[in-house]
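Some notes on the structure that comes next.
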Amino acid sequence: MDKQHRIDWAKLRRRGRRYWAISTQISLYFGVHTLLMTAIPLSISDPVIRPIALALYMGAGIAFDSFATALSTRIGNRRVARIAGGLLTAMAFLAALGGVQDWAWLVLAVLFSVCSSLLYIPGIAYFSNLLGSRQADGQRISVILQRGGALGSALIISAVLTQDLAWIMWWFLVGLGLTFGALSYRFPRPVRTAEGASLNPLAAMAASVSATLHSPTLMLGLVVSCITPLMFLLHGSVLPVEKAGAGSTVGAAIGVGLILRELLSVLSVAFIARGSFVRANVEFIITSVIAGIGGVTAALSSQPWLVAVGIALGGPVVASTVVVTVLNVNRSAIGSFRPWAHFGAMGMSQRLAGLAVPLAFGFAAGAGGAAVPIAAAVMFAAVAGGALVLLAIVVRQLRGVNGLGKSV
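Numbers given in my numbering equal positions in the sequence shown, counted from 1, plus 22.
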């Protein structure tokens with residue numbers, strides 16, 4: 023075999039040792055997150071408690087994301103993941119046994135949100151740090167990792183919605199929590215920063231807010247990141263509840279749509295973020311509009327195939343969001359004394375969206391009629407429009423700077 027085409031097995035082994043643990047953490051986290059977004063609302067019968075619990079799970083982590091990133095910088099992901107895995111196992115076991123009722127779900131939702139903070143942003147930040155200058159290629163791999171975990175959960179959800187066995191999801195979550203604990207000894211060790219990371223939650227949040235206010239590029243990344251809580255909540259939480267009375271066929275269609283969405287997101291990796299920084303952000307805006315059209319269609323329709331297709335149209339924006347968000351945030355963090363604050367801000371923006379979106383959909387569901395599709399359309403338009411405005415501001419600042427048109 024020609025030396026040029028010979029596989030460098032030693033290089034592959036080195037890269038495997040470098041990336042496999044953090045890759046496992048990212049993939050498993052998105053499996054957990056996808057299951058929780060469906061398991062929580064389906065396990066709560068009270069229409070008042072349901073949106074509040076979902077909002078707390080999605081949004082309460084705003085108080086912990088920057089702190090969790092700083093904590094991971096200090097003590098390492100292995101200890102943080104061990105703590106999160108233990109909490110996840112205990113709480114999922116309690117829910118699986120039926121030991122959570124009524125308002126107790128609100129406490130459980132907050133604790134699940136803490137677990138999410140401990141697992142998500144520290145893992146993404148560490149992975150970005152390992153990639154260095156290879157951000158675009160590395161984040162495409164991240165898409166596959168994230169959506170691989172979500173795809174596994176989507177298959178579980180599809181089977182559960184077809185058979186009306188929502189309680190099974192909690193036992194899968196127990197298993198995932200135990201897996202985090204078992205694998206945590208292989209997770210990354212601490213990575214020191216020049217300034218050191220604050221373990222004061224308020225100081226960590228203040229650092230993230232300050233970084234955001236001083237960087238339009240970071241603001242752009244934060245707006246881009248808001249699309250995923252919106253879409254995942256619509257697809258995985260709102261639609262299963264709204265269409266619960268439409269029969270098992272529509273429930274199965276939702277599961278099929280989730281599977282197709284994840285497959286499309288992985289396929290889209292080959293096409294996104296192949297050009298300039300500006301082009302990558304424009305791709306996000308276009309795919310977010312397509313996802314909005316699909317989401318509204320799925321919410322309006324009672325035809326199973328339209329529901330499935332509408333959800334599936336969100337696939338490309340999932341891939342685009344994963345790549346473009348981290349590209350923007352990493353770009354803003356270059357040269358910063360507190361890069362962890364930029365990634366903490368990314369988590370905070372998603373939590374804010376996670377707080378607002380369930381409450382908005384809960385209010386819309388109470389209003390009845392076409393309020394849910396209208397609310398979805400307004401929120402998708404707000405994210406796409408906000409990204410367009412901020413991109414124009416960033417481009418104006420960068421105008422005349424060499425390298426604007428180069429590949430990201």
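Cβ atoms here follow ideal geometry from the backbone N, Cα and C, with glycine treated the same way.
| Asked | Found |
| --- | --- |
| In the DSSP assignment, the alpha helix (DSSP H) including residue 356 goes from what residue to what residue? | Where residue 356 is concerned, there is no enclosing alpha helix (DSSP H), given that its DSSP letter is neither H nor E. |
| Going by other Cβ atoms of all chains shown within 10 Å of its Cβ, with 16 needed for buried, is residue 364 buried or exposed? | buried |
| So what's residue 298 in DSSP terms, helix, strand or just coil? | strand |
| I need the DSSP call for residue 421, collapsed to helix, strand or coil. | coil |
| Could you check what DSSP says for residue 304 in three-state terms: helix, strand or coil? | helix |
| Taking the alpha-carbon of residue 283 as reference, which of 238, 331 and 299 has the nearest alpha-carbon? | 331 |
| Going by C-alpha to C-alpha distance, which of 117, 421 and 404 sits closest to residue 188? | 117 |
| I'd like the ranges of any alpha helix (DSSP H) spanning at least 4 consecutive residues and lying wholly in the region 105 to 162. | 126 to 153 |
| Give a single yes or no on whether residue 251 has its beta carbon closer than 6 Å to a heavy atom of the ligand FAD. | Annotation note on the ligand FAD: not contained in the displayed structure, which lists no ligands. |
| Within this structure, are the beta carbons of residue 229 and residue 89 separated by less than 7 Å? | no |
| Hey, residue 348 and residue 302: beta-carbon distance below 7 Å or not? | no |
| Rounded to a whole number of angstroms, what is the C-alpha to C-alpha distance between residue 87 and residue 143? | 7 Å |
| Is the beta carbon of residue 395 closer than 7 Å to that of residue 321? | yes |
| Would you check if the region 89 to 99 and the region 55 to 75 touch, i.e. whether three or more CB-CB distances between them fall below 8 Å? | no |
| On the three-state DSSP scale, how would you describe residue 438? | With the chain covering only 23 through 430, there is no way to say anything about residue 438. |
| Use the C-beta contact count for residue 67: other C-beta atoms within 10 angstroms, 16 or more gives buried, fewer gives exposed. | exposed |
| At the level of alpha carbons, what is the spacing between residue 148 and residue 341? | 19 Å |
| Which residues in the same chain have their Cβ closer than 6 Å to the Cβ of residue 277, if we skip the five residues on either side of it in sequence? | 179, 180 and 183 |
| In the DSSP assignment, the alpha helix (DSSP H) including residue 256 goes from what residue to what residue? | Careful: residue 256 lies outside any alpha helix (DSSP H) and carries neither H nor E. |
| For the alpha helix (DSSP H) that contains residue 86, what are its first and last residues? | Counting along the chain, residue 86 falls outside any alpha helix (DSSP H), and DSSP gives it neither H nor E. |
| Using the C-alpha atoms, what's the distance from residue 285 back to residue 173? | 8 Å |
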